[in-house]
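Undergrad: For reference, the structure I am asking about is given below.
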Amino acid sequence: MKEATERSQRGIQSVEVAGRILKALAQRRAPAALSELANAAELSTAQAHTYLVSLTRLGLVKRDALTGSYEPGPLSLRLGLMFVEQQEAYRVAVPYATELAAKLGFSVAVCVAGAQGPMIVRYERGAYPLHVNLHIGTVMSLRSTSTGRIFSAFLKPDELAAMMRNQGIAPLNVGVDHVESPDGAKTESLEEERKRAMARSVDVPSPGISSLSAPVFDAHGSMQLALTVIGPSGAMDTDWQGPIATKLREICQRITEALTDRTSTHAV
Numbered sequence: 158m159k160e161a162t163e164r165s166q167r168g169i170q171s172v173e174v175a176g177r178i179l180k181a182l183a184q185r186r187a188p189a190a191l192s193e194l195a196n197a198a199e200l201s202t203a204q205a206h207t208y209l210v211s212l213t214r215l216g217l218v219k220r221d222a223l224t225g226s227y228e229p230g231p232l233s234l235r236l237g238l239m240f241v242e243q244q245e246a247y248r249v250a251v252p253y254a255t256e257l258a259a260k261l262g263f264s265v266a267v268c269v270a271g272a273q274g275p276m277i278v279r280y281e282r283g284a285y286p287l288h289v290n291l292h293i294g295t296v297m298s299l300r301s302t303s304t305g306r307i308f309s310a311f312l313k314p315d316e317l318a319a320m321m322r323n324q325g326i327a328p329l330n331v332g333v334d335h336v337e338s339p340d341g342a343k344t345e346s347l348e349e350e351r352k353r354a355m356a357r358s359v360d361v362p363s364p365g366i367s368s369l370s371a372p373v374f375d376a377h378g379s380m381q382l383a384l385t386v387i388g389p390s391g392a393m394d395t396d397w398q399g400p401i402a403t404k405l406r407e408i409c410q411r412i413t414e415a416l417t418d419r420t421s422t423h424a425v
């Protein structure tokens, strides 16, 4: 009955065609040329271009002036964030992130897996000013940030592989590579970060900025998001057993336990 009702409802064909272009862009998970989107949506190049002009005006896509490729626009980002905000892990994590920033005095980012890499979806500013431009929508490097490293350590292989391709990283290199800091020192390997359930960056990729990142899991042990504490290197204690790492570890564990409790309650 439901399928018959859906078939009988009248839609607007041009909107559905535009949807095919957006779907093609989403499935590609990377900037795409006009010809690629046209082929994927089964349209001529001229037809696809006409739709893309309108989608660009709406902010659903944007065109890179240098390469001519198309990628999701600001309206798509806002819609994506609306979707994230409806997810239980996000709703549970936000109050804890606010609490963490208030107690530590440093900025705290809530990050989820995005098409291009780990993306900030909530940013609580701390008392310490930072000379880096971090905001909602910022995509973090998988190799050179603590956030990227913790996602590399715990994210499901298929999700990680897609992000790695979009950041130009060969899959075989991730997991064995170390990131060098400006003084030549190397960070921990991903295996060491798995054991600690935490990653850190000191003066990398931005000199004078340090961070600690830890994962949040659901009841099935799948990584849902990460909390990252960010602050000036001179003021932030990045010791694995220091007060910041200890509090971050505690908060992430509390979020994981809250998600597990909610899953148990829903199952009853």
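In this note's numbering, the protein residues as written are 158 to 425.
Just so it is clear, CB atoms sit at the ideal spot from N, CA and C, and this is done for glycine as well.
For the beta strand (DSSP E) holding L384, just list the boundary residues, first then last.
TA: It spans 380–389 - the beta strand (DSSP E) in which L384 sits, taken as one unbroken run.
Undergrad: Whose CA, out of S226, G216, L287, lies closest to the CA of S233?
TA: Measuring from the Cα of S233, the nearest candidate turns out to be G216.
Undergrad: Using DSSP's beta-bridge definition, name the partner residues of I307.
TA: In DSSP, I307 forms no bridge with anything.
Undergrad: Please classify S192 as buried or exposed, where buried requires at least 16 other C-beta atoms within 10 Å of its C-beta.
TA: By the neighbour-count rule (16 or more Cβ atoms within 10 Å), S192 is not buried but exposed.
Undergrad: Is it the case that the Cβ atoms of I401 and F263 are separated by a distance below 9 Å?
TA: Contact flag set, yes.
Undergrad: Can you look up F143 in the DSSP assignment and give me helix, strand or coil?
TA: This structure does not reach residue 143, given that the chain is present from 158 up to 425, and the question cannot be answered.
Undergrad: Taking the beta strand (DSSP E) that K219 belongs to, which residues open and close that run?
TA: First-last of the beta strand (DSSP E) with K219: 218–220.
Undergrad: Going by DSSP in three states, P372 sits in which element: helix, strand or coil?
TA: Three-state result, P372: strand.
Undergrad: Which one of Y208, V174, P372, I366 has the shortest CA to CA distance from H288?
TA: Here the closest residue by C-alpha is I366.
Undergrad: Check this for me: beta carbons of V373 and L416, under 9 Å apart or not?
TA: Cβ distance < 9 Å, so V373 and L416 count as in contact.
Undergrad: Taking only the alpha-carbon atoms, compute the straight-line gap between A431 and Y227 and give it to the nearest angstrom.
TA: The question about residue 431 has no answer here: the residues shown for the chain are numbered 158 through 425.
Undergrad: Using the rule of at least 16 other Cβ atoms within 10 Å of the residue's Cβ for burial, across every protein chain shown, is G271 buried or exposed?
TA: So G271 counts as buried.
Undergrad: From the DSSP secondary-structure annotation, give me the bridge partner or partners of A270.
TA: DSSP output for A270 lists P275 as bridge partner(s).
Undergrad: DSSP three-state label for R411, please.
TA: Three-state DSSP puts R411 in a helix.
Undergrad: Considering only their Cβ atoms, is the gap separating Y208 from A175 smaller than 9 Å?
TA: Taking 9 Å as the Cβ cut-off, A175 and Y208 qualify as a contacting pair.
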